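Working notes, structure below.
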Amino acid sequence: MPSISALYVYPVKSCGGIAVSEVRLLPTGLEYDRNWMVTNPAGRMLTQRSHARLALVEVALDEHDLILSAPGMAALRTPLAIESTASMQNVTVSIWDDTVQAFDTGPEAAGWFSSFLGEAARLVRFDPSVPRPADARWTGGIAATAQFSDGFPLLVIGESSLDDLNTRLTGKGAPSIPMNRFRPNLVIGGLDAYEEDYVEQVTIQAWDGIEAARATSGERAVQLNLIKPCARCPIPTIDQATGAPHADWPNEPLDTMATYRGNARLDGALTFGQNAIVAAGEGAVLALGQTVDAELSFGD
-15 MPSISALYVY
-5 PVKSCGGIAV
5 SEVRLLPTGL
15 EYDRNWMVTN
25 PAGRMLTQRS
35 HARLALVEVA
45 LDEHDLILSA
55 PGMAALRTPL
65 AIESTASMQN
75 VTVSIWDDTV
85 QAFDTGPEAA
95 GWFSSFLGEA
105 ARLVRFDPSV
115 PRPADARWTG
125 GIAATAQFSD
135 GFPLLVIGES
145 SLDDLNTRLT
155 GKGAPSIPMN
165 RFRPNLVIGG
175 LDAYEEDYVE
185 QVTIQAWDGI
195 EAARATSGER
205 AVQLNLIKPC
215 ARCPIPTIDQ
225 ATGAPHADWP
235 NEPLDTMATY
245 RGNARLDGAL
255 TFGQNAIVAA
265 GEGAVLALGQ
275 TVDAELSFGD
């Protein structure tokens, strides 16, 4: 039976991800996912699309802080507790076509990112008191919200889909690539390659509580609706370990994907993985190995 084979949280948009064994599910996605974002002084998002060096920013979480590190930089800490934002300046920032309220984390973080990127930058934190609605054209009437993800709370990819892509890459002499090129939140093992393209809903037998309380917390069903194929920008061409494309294969995997992953529903955009929203189970804990029941739909 399909099951969760990997879970990833990306606390700072377009910076390094964290592989976790369990994580709480919130209406906006996984806990701490895309809570923070780097912007220019005008509040416009900065991502790996224009600043590939952001891939080199490693992210960690401890009990109290978000911890950032990068080559040549001392570690930067900023508090996890939302109460810490009481002393922060409220700012308006933009992500794609959305205008969003956020908190400026202050001059130390701004100086850190400005130094690392070589241009003026700020680090902001999402203001949860002002929800950011997901695109209602895709949510099927569910009032889904996101934080600083591109548009939806979660990204789901089948493990076998990457296996198939890597077979195609190595077959032409190109190197295989890891899953982090696609920055998913949930990776599902046990599906056929690209089966997630046809999954309408997944039901996961999650936990009600964190590990310490699990003996008495029991299970809880989580339902995720897979609603929109994820159109791919150039970020999958960036090696997350080097912050640059491969010297000999700079446009892979997109060149290979162009031969078979064009999506007519999205005007021919190259897609890989499915955006998802939370239909039920907010507050439950997802963990590696939990079983996944996939409901397929072949409509349209």
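Under my numbering, the first residue of the sequence shown is numbered -15, with each subsequent residue one higher.
Backbone N, C-alpha and C define an ideal beta-carbon position, used for all residues, glycine too.
This structure is a prediction, so every number in the text was calculated from the model and none was measured.
1) Taking 9 Å as the cut-off, decide whether the C-beta atoms of ILE79 and PHE136 are in contact.
2) Could you tell me which uninterrupted alpha helix (DSSP H) segments, each at least 4 residues in length, are contained entirely in the segment 192 to 254, listed from first to last along the chain?
3) With a threshold of 8 Å, are at least 3 pairs of Cβ atoms found where one atom belongs to the segment 39 to 46 and the other to the segment 218 to 232?
4) Hey, could you find the ends of the alpha helix (DSSP H) LEU101 is sitting in?
5) Three or more C-beta pairs under 8 Å: does that hold for the segment 110 to 118 against the segment 143 to 152?
6) Mapping DSSP to helix, strand and coil, what is THR123?
7) Could you tell me the distance, in whole angstroms, from the CA atom of ARG106 to the CA atom of ASP176?
8) Reducing DSSP to helix, strand and coil, say where SER160 ends up.
9) With a 10 Å radius around its C-beta and 16 neighbouring C-beta atoms as the bar for buried, classify ARG109 as buried or exposed.
10) Can you tell me where the beta strand (DSSP E) holding ASP277 begins and where it ends?
11) Please list, in chain order, all residues of the same chain as ASP88 whose beta carbon is under 7 Å from its beta carbon, the five residues on each side excluded.
12) One question on the structure: do ALA158 and GLU236 come within less than 9 Å of each other, judged by their Cβ atoms?
13) Mind reading off the beta-carbon distance from ARG167 to LEU139? Whole number of angstroms is fine, and I expect it under 8 Å.
14) For GLU42, which residues does DSSP report across the bridge?
15) For THR200, is the classification buried or exposed, using 16 other Cβ atoms within 10 angstroms of its Cβ as the cut-off for buried?
16) Which word fits TYR244, buried or exposed, when buried means at least 16 other C-beta atoms lie within 10 angstroms of its C-beta?
17) Which two residues bound the contiguous alpha helix (DSSP H) that contains THR154?
18) Please report the straight-line C-alpha distance between SER359 and GLU47, rounded to a whole angstrom.
19) In whole angstroms, give me the CA-to-CA distance for GLU6 and GLY95.
20) Three-state secondary structure (DSSP) at ALA(-10)?
21) According to DSSP, is ALA36 part of a helix, a strand, or is it coil?
22) Cutting at 8 Å between CB atoms, please list the residues of its own chain near ASN295, excluding the five before and the five after it.
23) Where ASN19 and ARG8 are concerned, what is the direct C-alpha to C-alpha distance, given to the nearest angstrom?
Reading it off the structure:
1) Against a cut-off of 9 Å, the Cβ pair of PHE136 and ILE79 comes out as no contact.
2) As far as the segment 192 to 254 is concerned, its whole alpha helix (DSSP H) runs of at least 4 residues are 198 to 201 and 238 to 241.
3) Segments in contact, yes.
4) Membership of LEU101 in the alpha helix (DSSP H) is indicated by the continuous run 91 to 101.
5) Too few Cβ pairs lie closer than 8 Å, so no.
6) Coil.
7) Using only the alpha carbons, I get a separation of about 42 Å.
8) The answer is coil: DSSP assigns SER160 none of H, G, I, E or B.
9) Buried: at least 16 other Cβ atoms inside 10 Å.
10) If you look at ASP277, you'll find it in the beta strand (DSSP E) that goes 276 to 280.
11) Closer than 7 Å at Cβ, skipping near neighbours: MET72, GLN73, VAL75, ARG106 and VAL108.
12) It is a contact, given that the beta carbons lie within the stated cut-off.
13) 7 Å between Cβ atoms; contact.
14) Per DSSP, SER53.
15) With a pLDDT of 45 at THR200, under the threshold of 50, the predicted position of this residue should be treated as unreliable, though the coordinate-derived value follows. Residue environment: THR200 is assigned as exposed (fewer than 16 neighbouring CB atoms within 10 Å of its CB, all protein chains considered).
16) By the neighbour-count criterion, in which a residue is buried when 16 or more other Cβ atoms sit within 10 angstroms of its Cβ, TYR244 is exposed.
17) Looking at the DSSP string, the run of the alpha helix (DSSP H) that includes THR154 is 143 to 155.
18) With the chain covering -15 to 284 only, the question about residue 359 has no answer from this structure.
19) Cα to Cα, the separation comes out at about 33 Å.
20) Residue state, collapsed to three classes: strand.
21) Helix.
22) It is not possible to answer for residue 295, since the shown part of the chain is limited to -15 through 284.
23) About 14 Å.
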